[in-house]
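S.K.: Just passing along the structure, written as structure tokens.
There are 2 protein chains.
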Amino acid sequence: MKGKRIILVTNDDGIKAKGLNVLADVAKSFGEVRIVAPLDSQSAMSHAITVKNPIRVFKETSFNGIEAYACNGTPVDCVKMAVHHLLPTKPSLILSGINHGSNSSSSILYSGTVAAAIEGCLNGIPSIGFSLLEFSNNANFEAAKVIVYKIIKEAIENGIPNGICLNVNIPYVPLDEIKGIKICRQNHGVWREEFEHRTDPNGFDYYWLTGTFENLEPHAEDTDEWALKNNYVSIVPIHYDFTSYKHIEEIKKWSLNGQFN
Amino acid sequence: MKGKRIILVTNDDGIKAKGLNVLADVAKSFGEVRIVAPLDSQSAMSHAITVKNPIRVFKETSFNGIEAYACNGTPVDCVKMAVHHLLPTKPSLILSGINHGSNSSSSILYSGTVAAAIEGCLNGIPSIGFSLLEFSNNANFEAAKVIVYKIIKEAIENGIPNGICLNVNIPYVPLDEIKGIKICRQNHGVWREEFEHRTDPNGFDYYWLTGTFENLEPHAEDTDEWALKNNYVSIVPIHYDFTSYKHIEEIKKWSLNGQFN
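These protein sequences, in sequence, are chains C and D.
Per our numbering, residue 1 is the first one in the first sequence, and the count goes up by one each step.
Per our numbering, residue 1001 is the first one in the second sequence, and the count goes up by one each step.
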């Protein structure tokens, strides 16, 4: 298959991020890699798309042998631009990441890395988002590389079921401390926000969004948070249908019909 | 209860949008309204949050008697800013919209209107996103007003179950042509993107993201798209757990454990 399978690699940390380079490097073992990634950091951009501004694309020359483009938009813009415009054919696989920092639990809602994978899945393309639990620009990806390789290999061999993609998070510990890979559900947790108040040199107020994560079910062993806390790699199969099916019948009992007054 | 129940009203079209004003006006019948909305349009910003730029808040004076703030961030920033910083207590209800334009089917992924409601729900606050199927700035909200009133009334009387919020879409037809309100699931459909290529005055290429929506199950009568096409108001109960539970066992069968090589 090598040389035929086109693999799109993208991320939300931007085209210069170390994690993107590592992922592209691993992906080369499985097919012909193309990179379409944001020009600069698009962290926490979720599934945003650029509709009010022009989108520009810049061909990169710095990726030994890999055709690569930077795009001034969001991660989801990058996927759309790649799939619908830049690539010669629909890619066989979309890999997003490796994100510098965790995208487990409800962080998935804010993540551009995961959104890129969801956008791929929505377009019927097998997609995986990878995140390493370490924010630093110069994070060590040695263990992550091995794990990412294994997961891509299994995903290609088994096939990712239609309509879902995989959200993979990797603990930041040496490989021999990784206890294994767990298939999990998304943990229930929230960010408790604080706004750090400052005053600019002109005397105007501004705020930085900060916060601490609160795990609302710290003992639930089937969740991604639990797996990660216990040095397992977490894989959550995710989909883009937000319907809460079990509540449909309940809301149907409301008195919503008849006259609108 | 009036005068005690604090209702937060927000949107993604920005604080000057007609739909926001209409929603705030309807909400006044149910409690004490506070507005925290984006300074300008934040359409298609999904669940994005502002982490790399300062957030600023501006007190508005133009909302007869309603305490209102504009925020230079996204809809989700507005909810966070309101809930964690600006409001004296946690609101009893968050209403987002009324969006100028549809947020049904997979458009929910891109919508800032719906994301604001999801953020509310994640914080344990009953939340509803409202959208009218008409994009124009000066859309007629007369029928929408009546429907929104009825839905808020029922939501307060019955209580929105914990862990979900409601995504409401309203056809753009006169009230007497509305056939009723349907509780639905999210339709399966995709945007087929095109990138309109242009050249700027300096000779550089740029693109506008455009696209057409393709309904992949046009005859499914239990979906929001079908309801809207047939002049029903659609309500989809949605949640923020992206896990595809039915696929957990399937992925567990992959050979992911053992040695990482």
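Ideal Cβ positions, reconstructed from N, Cα and C, are used throughout, including at glycine.
Just how far apart, CA to CA, sit G1036(D) and N202(C)?
M.R.: The sequence shown places Val at residue 1036(D), not Gly. Rounded to whole angstroms, V1036(D) to N202(C) spans 24 Å at the Cα level.
S.K.: Closer than 8 Å, CB to CB, is L256(C) near chain D or not?
M.R.: So, interface residue.
S.K.: Can you have a look at K1150(D) and say buried or exposed, based on whether 16 or more other CB atoms are within 10 angstroms of its CB?
M.R.: Buried, by the Cβ-count rule.
S.K.: Just verifying my parser: in three-state terms, what is the DSSP assignment at E1250(D)?
M.R.: Here E1250(D) sits in helix by DSSP.
S.K.: Check whether the Cβ atoms of A1143(D) and I1178(D) lie closer than 8 Å to each other.
M.R.: Going by C-beta atoms, A1143(D) is nearer than 8 Å to I1178(D).
S.K.: DSSP on N202(C), reduced to helix/strand/coil?
M.R.: Coil, per DSSP.
S.K.: Check this for me: beta carbons of I263(C) and H47(C), under 8 Å apart or not?
M.R.: Examination of residue 263(C) is not possible in this model, given that chain C is present from 1 through 261 alone.
S.K.: Give the interface partners of R1034(D) over in chain C, defined as CB-CB distance under 9 Å, in chain order.
M.R.: In chain order: nothing, as chain C lies at least about 16 Å away.
S.K.: Out of curiosity, what's the CA-to-CA distance linking K252(C) and V1236(D)?
M.R.: One C-alpha to the other measures close to 11 Å.
S.K.: Report the three-state DSSP secondary structure of H100(C) (helix, strand or coil).
M.R.: Here H100(C) sits in strand by DSSP.
S.K.: Looking only at C-alpha atoms, which of I7(C), R198(C), T223(C) sits nearest to L87(C)?
M.R.: Of the candidates I7(C), R198(C), T223(C), the one whose C-alpha sits nearest the C-alpha of L87(C) is I7(C).
S.K.: Terminal residues of the continuous alpha helix (DSSP H) containing E1157(D)?
M.R.: Looking at the DSSP string, the run of the alpha helix (DSSP H) that includes E1157(D) is 1142-1158.
S.K.: Please report the distance separating the alpha-carbon of S1102(D) from that of G129(C).
M.R.: In a straight line, the C-alpha of S1102(D) is about 29 Å away from that of G129(C).
S.K.: Relative to chain C, which residues along the stretch 1044-1057 of chain D have a C-beta separation below 8 Å, given in chain order?
M.R.: Answer in chain order: A1044, M1045, S1046, H1047, A1048, I1049, T1050, V1051, K1052, P1054, I1055, R1056, V1057.
S.K.: Curious, which full-length beta strand (DSSP E) runs of at least 3 residues does the stretch 1034-1112 of chain D contain?
M.R.: Runs of the beta strand (DSSP E) inside the stretch 1034-1112 of chain D: 1057-1060, 1067-1071, 1093-1100.
S.K.: What is the DSSP secondary structure of E194(C), reduced to helix, strand or coil?
M.R.: Reduced to three states, the DSSP call for E194(C) is strand.
S.K.: Taking all protein chains shown into account, do 16 or more other C-beta atoms lie within 10 angstroms of the C-beta of Y245(C), making it buried, or fewer, making it exposed?
M.R.: Per the 10 Å Cβ criterion, exposed.
S.K.: With 16 other CB atoms within 10 Å as the buried threshold, where does P1038(D) fall?
M.R.: Buried, since its Cβ has 16 or more Cβ neighbours within 10 Å.
S.K.: Take F213(C) and list the residues in its own chain whose beta-carbon comes closer than 8 Å to its own, dropping the five residues that flank it on each side.
M.R.: S105, S107, G189, V190, W191, R192.
S.K.: For E214(C), does the three-state DSSP call read helix, strand or coil?
M.R.: Three-state result, E214(C): strand.
S.K.: Give the residues from the stretch 1194-1208 of chain D that approach chain C closer than 8 Å (Cβ to any Cβ), ordered along the chain.
M.R.: The stretch 1194-1208 of chain D vs chain C, Cβ under 8 Å: E1194, F1195, R1198, D1200, F1204, D1205, Y1206, Y1207, W1208.
S.K.: In whole angstroms, give me the CA-to-CA distance for E1250(D) and R1198(D).
M.R.: Taking the straight line from one Cα to the other gives about 46 Å.
S.K.: Anything in the stretch 1080-1114 of chain D with a Cβ closer than 7 Å to a Cβ of chain C? List those residues in chain order, please.
M.R.: Flagged, chain order: K1080, M1081, H1084, H1085, S1106, I1108, L1109, Y1110.
S.K.: Measure from the alpha carbon of L93(C) to the alpha carbon of each residue in E217(C), E157(C), I49(C), then state which is nearest.
M.R.: It is E157(C) whose Cα lies nearest to the Cα of L93(C).
S.K.: From which residue to which residue does the beta strand (DSSP E) around N169(C) run?
M.R.: Note, N169(C): beta strand (DSSP E), 165-170.
S.K.: Short of 8 Å in beta carbon distance, which residues of its chain neighbour G1159(D), apart from the five on each side in sequence? Order them along the chain.
M.R.: Only P1126 meet the Cβ criterion.
S.K.: Leaving out five residues on either side along the sequence, give the residues of the same chain with a beta carbon under 6 Å from the beta carbon of L1216(D).
M.R.: Correct list, in chain order: H1188, G1189.
S.K.: Skipping 5 residues on each side, what residues in its chain have a beta carbon closer than 8 Å to that of G1180(D)?
M.R.: So the list reads Y1232, V1233, once near-sequence residues are dropped.
S.K.: Is there a C-beta anywhere in chain C that falls below 8 Å from the one on T1243(D)?
M.R.: For T1243(D), the answer is yes, since a Cβ of chain C falls inside 8 Å of its Cβ.
S.K.: Just reading off the alpha helix (DSSP H) that G31(C) is part of, what are its end residues?
M.R.: Here G31(C) belongs to no alpha helix (DSSP H), and DSSP marks it neither H nor E.
S.K.: Tell me whether K182(C) sits in a helix, a strand or coil according to DSSP, three-state version.
M.R.: Residue state, collapsed to three classes: strand.
S.K.: What residue range does the beta strand (DSSP E) around L1132(D) cover?
M.R.: Where L1132(D) is concerned, the enclosing beta strand (DSSP E) stretches over 1127-1132.
S.K.: Using alpha carbons as the reference points, say which of T1061(D), V1051(D), V1026(D), R1005(D) lies closest to K1016(D).
M.R.: When only C-alpha atoms are compared, the closest one is T1061(D).
S.K.: Looking only at C-alpha atoms, which of W1226(D), G1019(D), H1239(D), R1005(D) sits nearest to N1123(D)?
M.R.: If we check each option's Cα against that of N1123(D), H1239(D) comes out closest.
S.K.: For chain C, find out if any of its Cβ atoms is closer than 8 Å to the Cβ of L1023(D); answer yes or no.
M.R.: It does not; no Cβ of chain C falls within 8 Å.
S.K.: Output needed for M1(C): all residues of its chain with C-beta closer than 6 Å, excluding positions within five of it in sequence on either side, in chain order.
M.R.: For M1(C), the predicted structure reports a pLDDT of 42, less than 50, and the residue's modelled location is therefore unreliable. A value from the coordinates is still provided. Cβ neighbours of M1(C) beyond the five flanking positions: none.
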